[in-house]
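Undergrad: Take this structure, written in structure tokens, and hold onto it; I'll ask about it next.
Residue numbers (this note's numbering): 6 to 75.
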């Protein structure tokens, strides 16, 4: 995925949790900020399930989070 930081920001600020994979995919499909390739990768890599937070989604996708600044 090319726009991981943008996707992480969107997951953290624009979605309500808990959310299912179907909820997240539907939200992703409505975004014009992301390429069709990024949307496809998101749909294919995200496991089925219900996610309680953006952090749960990020972990499920195997994306690295930036540690908090000291």
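Even for Gly, the Cβ is constructed at its ideal location relative to N, Cα and C.
#1: Who are residue 25's beta bridge partners in DSSP?
#2: Residue 11 by DSSP, collapsed to three states: which one?
#3: So for residue 38, helix, strand or coil by DSSP?
#4: Count the C-beta pairs between the segment 26-36 and the segment 46-59 that are closer than 8 Å, then say yes if the count reaches three, no if not.
#5: Can the beta-carbon of residue 7 be found less than 8 Å from the beta-carbon of residue 63?
TA: For this structure:
#1: 55
#2: helix
#3: coil
#4: yes
#5: no
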